[in-house]
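Taking it in order: structure first as structure tokens, then the write-up.
Residue numbers (full-length UniProt numbering): 1 to 431.
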């Protein structure tokens with residue numbers, strides 16, 4: 001046995017020697033390939049942060065009079081206008097200057113029961129944002145305000161303050177739509193004073209907060225077009241599949257077709273069976289609803305979105321079940337057969353693990369710090385990594401964020417203008 005082992009070692013020794021010598025001399029060869037992606041990511045992150053530091057952002061508060069009766073469709077038009085901030089970033093701008101598509105943040109905030117509607121925007125877009133709002137809400141009052149997140153302790157959670165928060169994801173493919181304002185009303189409820197508003201329950205809940213409690217809801221939206229996110233291509237493919245439409249034959253290059261004919265001869269043409277009943281007529285009512293929803297979503301401009309909410313307050317009034325206000329709101333716009341919004345457990349400030357129970361307290365603290373920091377900075381969920389965002393079109397965004405009239409949402413806490421603004425009389429002489 002020792003002789004056999006010695007013989008085996010002597011036979012593989014030259015091979016091991018050669019292998020070790022090769023590794024010693026050439027270990028650095030695969031390094032560029034292994035480090036390419038991490039290095040590119042860090043470089044891109046560095047130049048993005050450098051460029052981002054030159055962009056000044058401001059917070060605008062929007063108030064409307066009690067008497068204003070506007071359909072939610074007006075906000076749909078506003079979001080369509082906001083899509084105009086989309087910009088095409090060139091290769092040089094992306095990889096040399098660090099330029100990226102800027103975002104808008106739409107926020108509904110309750111501070112001690114007083115509700116505010118905010119839009120955080122780059123300062124360069126201020127007049128553009130205001131003009132789009134005034135086009136549909138001419139009586140609105142838009143004012144520049146300080147960032148409300150600065151007026152709570154920045155060390156939350158601490159011995160005096162606590163918080164609870166979560167980010168939301170779309171569990172299905174983003175081409176499936178969420179429930180929109182059009183599905184909250186019937187033909188007889190189109191008028192403002194009669195329709196059901198998706199924000200009604202949310203605003204009622206937010207108006208019940210006590211002094212020392214705050215509830216922040218944030219929708220960070222980035223307009224996308226074409227190559228930014230091929231969601232419309234996937235949406236059209238899904239619509240064709242749902243409608244059972246025949247697949248379109250891909251055209252082959254002329255050279256390839258000629259070669260195939262020379263080798264195997266002309267292909268036999270298959271006789272197509274013509275169906276009397278179109279495929280769309282064979283769909284079930286549920287399938288028709290899904291198809292109509294997908295195609296309706298594709299018809300409007302889209303935004304790459306991230307949604308989260310944070311409930312925070314002083315420990316003597318902090319009541320964790322208050323977070324149910326946010327859960328209830330987002331569940332209202334979710335459906336089983338179409339799309340929806342679901343709390344993402346990876347970001348939820350709730351930790352309970354079996355194998356590492358002794359680390360739960362520390363992990364919970366870090367999650368709370370992270371969601372607080374991300375909210376303040378208006379960062380996407382996995383920033384600086386990509387992912388966990390999803391497409392919402394203008395109609396879906398208008399459902400989640402709009403300015404309701406008092407008849408629809410008579411919550412006492414909504415900040416409003418007491419009276420309508422009056423314009424200049426049309427017959428007034430001008431020098």
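Beta carbons are placed, not taken as given, at the ideal position from N, Cα and C, and that holds for glycine.
Only residues of its own chain outside the window of five on either side were considered, and among them 76, 180, 300 have a CB closer than 6 Å to the CB of residue 395, listed in chain order.
Straight-line measurement puts the Cα of residue 219 at about 10 Å from the Cα of residue 168.
Residue 402 and residue 115 have their C-alpha atoms roughly 13 Å apart. Taking C-beta atoms as the reference points, residue 59 and residue 119 count as a pair closer than 9 Å. Distance from residue 295 to residue 239 at the Cβ level is roughly 5 Å; contact confirmed, criterion being Cβ atoms closer than 8 Å. Along the length of the region 296-365, whole beta strand (DSSP E) runs at least 3 residues long occupy 302-314, reported in chain order.
Judged by beta-carbon spacing, residue 199 lies beyond the 9 Å limit of residue 113, meaning their Cβ atoms are not closer than that value. Excluding its 5 nearest sequence neighbours in each direction, residue 56 has C-beta neighbours in its own chain below 6 Å: 123, listed in chain order. Just measuring C-alpha positions, the residue of 117, 139, 291, 26 sitting nearest residue 66 is 139. By the Cβ-count criterion, residue 109 is buried, with 16 or more other Cβ atoms from all chains shown falling within 10 Å of its own Cβ. Take the alpha-carbon of residue 223 and the one of residue 348: they are about 26 Å apart. DSSP, read as helix, strand or coil, puts residue 375 in helix. Nearest in C-alpha terms to residue 226, of all of 331, 369, 86, is 86. DSSP, reduced to helix, strand and coil, places residue 65 within a strand of the structure shown. With distances taken between CA atoms, residue 343 lies nearest to 327 out of 47, 335, 327. For a cut-off of 8 Å, the C-beta gap from residue 51 to residue 107 is around 24 Å, too long to register as a contact. Taking residue 336 as reference, the option from 329, 247, 172 with the minimal CA-CA separation is 172. Taking all protein chains in view, the Cβ of residue 154 is surrounded by fewer than 16 other Cβ atoms within 10 Å, so the residue is classified as exposed. The C-beta of residue 368 has 16 or more other C-beta atoms within 10 Å across all chains shown, which makes the residue buried. Here residue 62 is not near residue 151, since their CB atoms are 9 Å or more apart. Counting of Cβ neighbours within 10 angstroms places residue 39 among the exposed residues, the total staying below 16.
The Cβ atoms of residue 16 and residue 163 lie no closer than 9 Å to each other.
Of 126, 43, 91, the smallest CA-CA separation from residue 84 is found for 126.
Counting only runs of at least 4 residues, the region 114-139 fully encloses the following alpha helix (DSSP H) elements, listed from N- to C-terminal order: 126-136. Ranking 182, 134, 355 by CA distance to the CA of residue 78 puts 134 first.
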